[in-house]
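See below for the structure under consideration.
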Amino acid sequence: MCGITGYIGCKQATPELLRALKKLEYRGYDSAGIAVLNGSRITVRKMKGALGVLERKIAEEAIPGTLGIGHTRWATHGEPSDTNAHPHTNLSGNIAVIHNGIIENYGVLKEWLQARGVVFRSQTDTEVIVHLIDFYYNAAAIAPIGIPGTDLFLRAVLEALGRIEGSYGLAVIARDFPDRIIAARKDSPLIVGLGDGENLLASDVPALLDHTREVYYLGEREVAVLYRDHVDLFTDQGERVIRPSSHVDWDAQAAEKGGYAHFMLKEIHEQPRAFTDTLRPRLKIADGTPDINFDEIGLDASWADAPRIVITACGTAWHAGMVGKYAFEHFARIPVETDIASEYRYRNPVFNPRDLFIVISQSGETADTLAAMRLAKQKGARILAITNAVGSTLARESDLVLYTWAGPEIGVASTKAFTTQLMCVYLLALKLARLRGLLDGRAYRDALTSLQAIPAQAQKILENTAAIQRFAAGHFNKGKVFFIGRQFDYAVSLESALKLKEISYTHSEAFAAGELKHGPIALVDRDTLVVALATQTALFDKIASNIQETAARGAASLVITWEGEHRFDKIAGEIFTIPRTDDPFSPLLSIIPAQLFAYYCAVLRGNDPDKPRNLAKSVTVE
Ligand code: AGP
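Counting along the sequence shown from 1, when you hit position 499 you're at 488 in my numbering, and nothing is skipped either side.
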């Protein structure tokens, strides 16, 4: 995944591009580059390394011009280097391209272009795009080709897009057309910001918020031509598209660090507010009794009759799906299958069109998740998306969308997006249970009362971060960290282990606690920390045995359990308690100390938690 941006207006483009790239840096930081068009020439500056390296280079020598494009890269084809950094230009340097995605047939296209005398300078797949555009630009200049009613530049871009297989969010500028930027997307997010006397382009909304909140979320295979004073939209066949713009509700401040050292820490602390934002619009009080109102998705009794629920997602979102498995089965008594999207898409799954198919994704742009969703759709499934991104591909292609309303999540390691996904899952499970007649009025009201208490309980945990900080200080150098738990606690263990490995680079794994003795316990020694999630009261004795088994082999331990619970006092190395809620809702709270533990371990190990190595926020390629 990479971040791309563009600016056309009256201001100097370079500072605007750098500012936007700063907001997109979480999408990739192997290299960065910009291309600015100044009347008669395109100037390119691109450097290996983080954006700061490029900024220092540019500070030495300003690049004038009020139109430009910028890129921050997460390498897929070709190592991180100055040459492989974007923008890429054609041989005469009069066309420049930036690209996010993967050109799957780039090998064939490269050979085709080489046979026509093109010399490639980089190892990237992207370079074929600029040479293809150049090829059609020159061909069309000699004898008009292809799509009538479009100018030479647009025609050349459309012809090139017609040859490309794969995914792209891209932007192109041409020296001979100093009044426009052309952008296009397929399977890669791209948003056009509509400003006043200026127009902008970005892979993600936060990069636009300094300028505008009016946007076009580019649709699949849509092309935008940005001028200073207007934007034209086309299909990739050159037909005009006329549609209204969308309004973004986030403000610029929501996308800044707000005094926290890192976005991740800020986002962990935003969870009480995010819980409230997820809950409030859905909780309605009728005749003094709370009820879940899902008018927004038109969820009706036919959904409650689904014989089975299938959930697919990747990474953290898949862990939310694992919590969903336990929650839907516990409350609504509907069998659930939760699968990793990259597995589901190639599995030839057995399918019943009456199944309820739930797809979970923070970004709504994860390539594997979209592919799984499209496969299910093809087979006639009803798709319910749980996503944080309004206007994302997932939101647009699903039948129903439940927004998490977590606000912008910038940290690569997902935190508030996860817990708000959980909140949506619980609301759905309770609603389906009620529709199926499985919860009487009192149990339903009690459950909703418990959920309403969650924001304040989360806040209480966040007021005790010092205890987690101390614990991290004692264990951040451990060679192995194992998270163990049963049922809901197992799902939280999976997410806790992922958080720790993503940002601290510690070898951490999650085990269903009962599985330890079937193999993993062979790994336990004095260099091991075991974090036991212990919130399922009926299973306390079982998890207590597992903690003792690991302690007997020299492991240190932390037990995360309920306030006022003393079952583990004598066997735990240390204990962190969380406010008591109903056992099935424990993941909403028990993940918070684990997120904090991962964060503090990462910082103590000298890592930047917002920019974990080798990772990207949203994986829009396979
Ligand atoms: C979370 O911390 C990860 N960085 C990652 O696992 C992420 O959850 C996964 O890539 C799915 O992303 P999505 O929710 O945007 O689809």
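All residues carry an ideal CB built from backbone N, CA and C; glycine is no exception.
In this text the structure is predicted, and so the values were computed from the model without any measurement.
Return the first residue and the last residue of the beta strand (DSSP E) that residue i is part of.
{"i": "proline 279", "result": "278 to 281"}
{"i": "tyrosine 612", "result": "Residue 612 lies beyond the residue range present for the chain, which begins at -10 and ends at 611; the question has no answer from this structure."}
{"i": "tyrosine 206", "result": "203 to 206"}
{"i": "leucine 179", "result": "Taken as a continuous stretch (DSSP letters only), leucine 179 belongs to no beta strand (DSSP E), as it is neither H nor E."}
{"i": "threonine 224", "result": "220 to 224"}
{"i": "threonine 382", "result": "Unbroken run through threonine 382 is the alpha helix (DSSP H), 382 to 386; no beta strand (DSSP E)."}
{"i": "isoleucine 170", "result": "170 to 175"}
In this structure, does DSSP put residue i in helix, strand or coil?
{"i": "histidine 258", "result": "helix"}
{"i": "glutamate 187", "result": "coil"}
{"i": "arginine 34", "result": "strand"}
{"i": "tryptophan 551", "result": "strand"}
{"i": "valine 657", "result": "Only positions -10 to 611 of the chain appear in this structure, which leaves residue 657 out of reach."}
{"i": "histidine 236", "result": "strand"}
{"i": "isoleucine 492", "result": "helix"}
{"i": "valine 42", "result": "helix"}
{"i": "aspartate 250", "result": "Aspartate is not the amino acid found at residue 250; the sequence shown has alanine there. Here alanine 250 sits in coil by DSSP."}
{"i": "arginine 62", "result": "strand"}
{"i": "glutamate 563", "result": "strand"}
{"i": "serine 291", "result": "helix"}
{"i": "valine 194", "result": "helix"}
{"i": "glycine 57", "result": "strand"}
{"i": "leucine 272", "result": "strand"}
{"i": "lysine 99", "result": "helix"}
{"i": "threonine 404", "result": "coil"}
{"i": "serine 482", "result": "helix"}
{"i": "arginine 423", "result": "helix"}
{"i": "arginine 229", "result": "strand"}
{"i": "threonine 526", "result": "helix"}
{"i": "proline 598", "result": "coil"}
Looking at residue j and residue i, is the spacing between their C-beta atoms short of 8 angstroms?
{"i": "cysteine 590", "j": "leucine 427", "result": "no"}
{"i": "glycine 90", "j": "glycine 158", "result": "yes"}
{"i": "alanine 309", "j": "alanine 302", "result": "yes"}
{"i": "arginine 34", "j": "isoleucine 52", "result": "yes"}
{"i": "glutamate 326", "j": "arginine 297", "result": "yes"}
{"i": "aspartate 599", "j": "glycine 474", "result": "no"}
{"i": "glutamate 211", "j": "arginine 169", "result": "no"}
{"i": "glycine 615", "j": "proline 167", "result": "This structure leaves residue 615 out entirely; the chain is present only between -10 and 611."}
{"i": "leucine 288", "j": "lysine 420", "result": "yes"}
{"i": "alanine 160", "j": "tyrosine 125", "result": "no"}
{"i": "serine 493", "j": "asparagine 596", "result": "yes"}
{"i": "alanine 418", "j": "phenylalanine 317", "result": "yes"}
{"i": "alanine 191", "j": "alanine 378", "result": "no"}
{"i": "proline 342", "j": "glycine 369", "result": "yes"}
{"i": "isoleucine 457", "j": "phenylalanine 586", "result": "yes"}
{"i": "isoleucine 564", "j": "leucine 522", "result": "no"}
{"i": "glutamate 203", "j": "isoleucine -3", "result": "no"}
{"i": "isoleucine 443", "j": "phenylalanine 264", "result": "yes"}
{"i": "leucine 483", "j": "methionine 311", "result": "yes"}
{"i": "alanine 64", "j": "alanine 24", "result": "no"}
List the DSSP bridge partners of residue i.
{"i": "serine 546", "result": "Val519"}
{"i": "aspartate 328", "result": "Thr301"}
{"i": "aspartate 71", "result": "Aspartate 71 pairs with nothing; no bridge assigned."}
{"i": "valine 86", "result": "His77, Val161"}
{"i": "phenylalanine 500", "result": "Ile473"}
{"i": "asparagine 27", "result": "Arg30"}
{"i": "threonine 539", "result": "In the DSSP output, where bridge partners are listed per residue, threonine 539 has none listed."}
{"i": "glycine 155", "result": "Ile92"}
{"i": "serine 20", "result": "Lys37, Arg62"}
{"i": "isoleucine 375", "result": "Ile349, Leu391"}
Tell me the residue span of the alpha helix (DSSP H) that contains residue i.
{"i": "serine 439", "result": "430 to 451"}
{"i": "threonine -6", "result": "Counting along the chain, threonine -6 falls outside any alpha helix (DSSP H), though it belongs to the beta strand (DSSP E) covering -8 to -3."}
{"i": "leucine 13", "result": "2 to 13"}
{"i": "alanine 612", "result": "Beyond the ends of the chain as shown, which are -10 and 611, falls residue 612; an answer cannot be given."}
{"i": "valine 614", "result": "This structure leaves residue 614 out entirely; the chain is present only between -10 and 611."}
{"i": "valine 348", "result": "Per DSSP, valine 348 belongs to no alpha helix (DSSP H); it is in the beta strand (DSSP E), 345 to 350."}
{"i": "alanine 364", "result": "Before going further, note that residue 364 is leucine rather than alanine in the sequence given. Element bounds for leucine 364: 356 to 367."}
{"i": "alanine 605", "result": "Note, alanine 605: premise wrong, no alpha helix (DSSP H); not H, not E."}
{"i": "threonine 454", "result": "454 to 464"}
Could you confirm whether any beta carbon from chain B is found closer than 8 angstroms to the beta carbon of residue i?
{"i": "phenylalanine 472", "result": "No chain B is present in this structure, which holds just one protein chain."}
Segment contact flag, the segment 274 to 285 with the segment 403 to 415, C-beta cutoff 8 angstroms, min 3 pairs:
Too few Cβ pairs lie closer than 8 angstroms, so no.
contact_flag[the segment 424 to 444, the segment 455 to 475] where n(CB pairs < 8 angstroms) is 3 or more:
Touching, no.
Below 8 angstroms, how does it come out for the segment 64 to 79 and the segment 36 to 45: are there three or more Cβ pairs, yes or no?
The segment 64 to 79 is in contact with the segment 36 to 45.
Closer than 8 angstroms is the cut-off here; do at least three beta carbon pairs connect the segment 206 to 220 with the segment 15 to 24?
No, they do not touch.
Check whether the segment 374 to 393 and the segment 346 to 359 touch, using three or more Cβ-Cβ pairs below 8 angstroms as the test.
Judged by Cβ distances under 8 angstroms, the segment 374 to 393 makes contact with the segment 346 to 359, as three or more pairs qualify.
Are the segment 356 to 374 and the segment 181 to 188 touching, with three or more C-beta to C-beta distances below 8 angstroms?
The segment 356 to 374, when compared against the segment 181 to 188, does not touch it at the 8 angstroms Cβ threshold.
Counting Cβ pairs closer than 8 angstroms, one from the segment 245 to 259 and one from the segment 217 to 232, do we hit at least three?
No, because fewer than three Cβ pairs between the segment 245 to 259 and the segment 217 to 232 fall closer than 8 angstroms, the two stretches do not touch.
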